Amino acid sequence: MKLSVIGLGHVGLVTAAAFAQWGHEVMAFDIDASRREHLRRGKVPFYEPGLQDLFDEAVAGGRLTVVDDLGGTLAGTDVAFVCVGTPPLPGGGPDLSYVEQVGSAVAEHATGDLVLVEKSTVPANTGRRLEQVIAREQRRVGSSHRIYVASNPEFLREGNAVEDTLNPDRIVYGTSSVHARDALREVYRVLVDEHDCPVVETEVATAELIKHASNAFLATRISFMNAVAQICDRVGADVEVIARGMGLDDRIGPAFLRAGIGYGGSCFPKDVDAFAHLAREVGYEFDLLESVRAINSGQRDLVLRKLEGELWHLAGKSIAILGAAFKPGTDDLRESPAIYLAEQLLEQRAKVRIYDPVALNAVAKVLPDAERFDDPLEACSGAHAVVVATEWSEIRNLRVEDLREHLAHPIIVDGRNVFDPDTFIEAGFRYHSIGRRSVSPI
Ligand code: UDX
Numbered sequence: 266m267k268l269s270v271i272g273l274g275h276v277g278l279v280t281a282a283a284f285a286q287w288g289h290e291v292m293a294f295d296i297d298a299s300r301r302e303h304l305r306r307g308k309v310p311f312y313e314p315g316l317q318d319l320f321d322e323a324v325a326g327g328r329l330t331v332v333d334d335l336g337g338t339l340a341g342t343d344v345a346f347v348c349v350g351t352p353p354l355p356g357g358g359p360d361l362s363y364v365e366q367v368g369s370a371v372a373e374h375a376t377g378d379l380v381l382v383e384k385s386t387v388p389a390n391t392g393r394r395l396e397q398v399i400a401r402e403q404r405r406v407g408s409s410h411r412i413y414v415a416s417n418p419e420f421l422r423e424g425n426a427v428e429d430t431l432n433p434d435r436i437v438y439g440t441s442s443v444h445a446r447d448a449l450r451e452v453y454r455v456l457v458d459e460h461d462c463p464v465v466e467t468e469v470a471t472a473e474l475i476k477h478a479s480n481a482f483l484a485t486r487i488s489f490m491n492a493v494a495q496i497c498d499r500v501g502a503d504v505e506v507i508a509r510g511m512g513l514d515d516r517i518g519p520a521f522l523r524a525g526i527g528y529g530g531s532c533f534p535k536d537v538d539a540f541a542h543l544a545r546e547v548g549y550e551f552d553l554l555e556s557v558r559a560i561n562s563g564q565r566d567l568v569l570r571k572l573e574g575e576l577w578h579l580a581g582k583s584i585a586i587l588g589a590a591f592k593p594g595t596d597d598l599r600e601s602p603a604i605y606l607a608e609q610l611l612e613q614r615a616k617v618r619i620y621d622p623v624a625l626n627a628v629a630k631v632l633p634d635a636e637r638f639d640d641p642l643e644a645c646s647g648a649h650a651v652v653v654a655t656e657w658s659e660i661r662n663l664r665v666e667d668l669r670e671h672l673a674h675p676i677i678v679d680g681r682n683v684f685d686p687d688t689f690i691e692a693g694f695r696y697h698s699i700g701r702r703s704v705s706p707i
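First residue of the sequence shown? That's 266 in our numbering, and the numbers climb one at a time after it.
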């Protein structure tokens, strides 16, 4: 099939390359000229394991072309996928203006009938808004092509995006048009025929809600465990063992039960807020989601309280932060707990020494006042305390004696529960983790 992908961020680029892999002919467009140029020179502009190879293969096979104008992307296309950003607005809702702009541009430039698919994460009822925009724009330009709207959310995780896209747990799409449904069946035929991937076919608003409900539910699991961790800290129990004990129940399952300094990234924080915002707009107060978000913010502040508990005033103290990305496997700093922590420390006039194996360039842009290190032990050198903020294997594999040797004081806040508490306590560390055995507070 002839497909177009509009917006070449994490979702769009991985999707475009995967479509090419499944044998479709893909035209891809991004509004950012430097990003297009980067891609045309053959370089994927962000860190995502496996994507460069998938992209190279797609381009070399002649099945993926990055084009310079949206009109060119749409020429002769069967299905166009909207993968533009939906960043959060101050009030909690997502900014849907890029989605609207694409809707109206597609209405203007379509050269024939096509299916327009929302892949960007959008609130329920965005489909209806898109239909309205398309109808209005078509009246203005006098176009009579049929544009069928559908929703086809993605569930890919950064750092795992290629695998999640090529081998998804499920495919979800929603539309009220038989033509659009048949087109989407064809787009994903390979996954169904060769991988037996389950498909949920529904209408637009339900598909849109599946995405928000899934992300909000996963975030809820994490916040639930972080709340349990708070209780563990108070009664001397171990949240990791509790997660295992709970996860062995088939009805619960083991995933997304890891307590820590909270979830970050471009999806969970935004989607929890957007879902609560949508609920409010339609007349329902989804209080549970407000708690999910409050528990998550509380986890970040907990690290600061633990540091203050050890060091009293943080002004003038030197703190090493190991890990900057919001999770391992990505250089994405959006809503990263590490960055929040660094900002708070800098505000309190502490010195921040930050290590990350892949995200240091991005760190330079958002934290110009932090010192950056490409070696975790160097970051620890002379520091008053160290915080583990991201569970990269480079950090997990550090040896207690090396940390002891480099730090000025043996104080650690293990925000991702990566180290064995007994090993650190025995080595003389003031060891703090989240909901597990820690040294007693001062
Ligand atoms: C998420 C969803 O998993 C994905 O389906 C959706 O398409 C986009 O949002 P992503 O943001 O890439 O993906 O990362 P994910 O692996 O889900 O982790 C999100 C955050 O939760 C990270 O900060 C991670 O550290 C944190 N997390 C995850 C926990 O704190 N505990 C856990 O048990 C799992």
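Yeah, the Cβ is synthetic: ideal placement off N, Cα and C, and Gly gets one too.
A quick note: this is a predicted structure, and the numbers were derived from the prediction, not measured.
Asked: Answer yes or no: the CB of E419 versus the heavy atoms of the ligand UDX, is any distance below 7 Å?; Found: yes
Asked: Using DSSP's beta-bridge definition, name the partner residues of A697.; Found: Ala is not the amino acid found at residue 697; the sequence shown has His there. For H697, which the question treats as bridged, DSSP gives the partners V678.
Asked: Write down the C-beta distance between E682 and S698 rounded to the nearest angstrom, noting that I regard them as a contact closer than 8 Å.; Found: In the sequence under discussion, the amino acid at residue 682 is Asn, which differs from the Glu named in the question. N682 to S698, Cβ: 5 Å. Contact.
Asked: Taking the C-alpha atoms as reference points, what is the distance between Q286 and A323?; Found: 6 Å
Asked: Can you tell me where the beta strand (DSSP E) with S299 in it begins and where it stops?; Found: Careful: S299 lies outside any beta strand (DSSP E), inside the alpha helix (DSSP H) at 298-305.
Asked: If I follow the unbroken alpha helix (DSSP H) through Y363, where does it start and stop?; Found: 362-374
Asked: Buried or exposed, going by whether 16 or more other CB atoms sit within 10 Å of the CB of F294?; Found: buried
Asked: Could you name the residues of the same chain whose beta carbon sits closer than 8 Å to that of E550, not counting the 5 residues immediately before and after it, in chain order?; Found: A544
Asked: Does DSSP put L632 in a helix, a strand or coil?; Found: coil
Asked: Quick check on the DSSP output: the alpha helix (DSSP H) that includes L663 runs from which residue to which?; Found: No alpha helix (DSSP H) holds L663; DSSP gives it neither H nor E.
Asked: What is the DSSP secondary structure of F346, reduced to helix, strand or coil?; Found: strand
Asked: When DSSP labels each residue in this structure, what does Y620 get in the three-state scheme?; Found: strand
Asked: Quick check on D679: buried or exposed, where buried means 16 or more other Cβ atoms within 10 Å of its Cβ?; Found: buried
Asked: Which residue's Cα is closest to the Cα of I296: V331, D447, G548?; Found: V331
Asked: Going along the chain, which residues of its own chain have a beta-carbon closer than 6 Å to the beta-carbon of R558, five neighbours each way excluded?; Found: V537
Asked: Below 8 Å between beta carbons: does that hold for D596 and V623?; Found: yes
Asked: Note down, in chain order, each residue of its chain lying with its Cβ closer than 6 Å to the Cβ of G368, except the 5 sequence neighbours on either side.; Found: L395, V398, I399
Asked: What I want to know is whether the C-beta of I243 ends up closer than 7 Å to one or more non-hydrogen atoms of the ligand UDX.; Found: Nothing about residue 243 can be read from this structure; the chain reaches only from 266 to 707.
Asked: Nearest CA to the CA of F482: which residue from L606, P675, Y528?; Found: Y528
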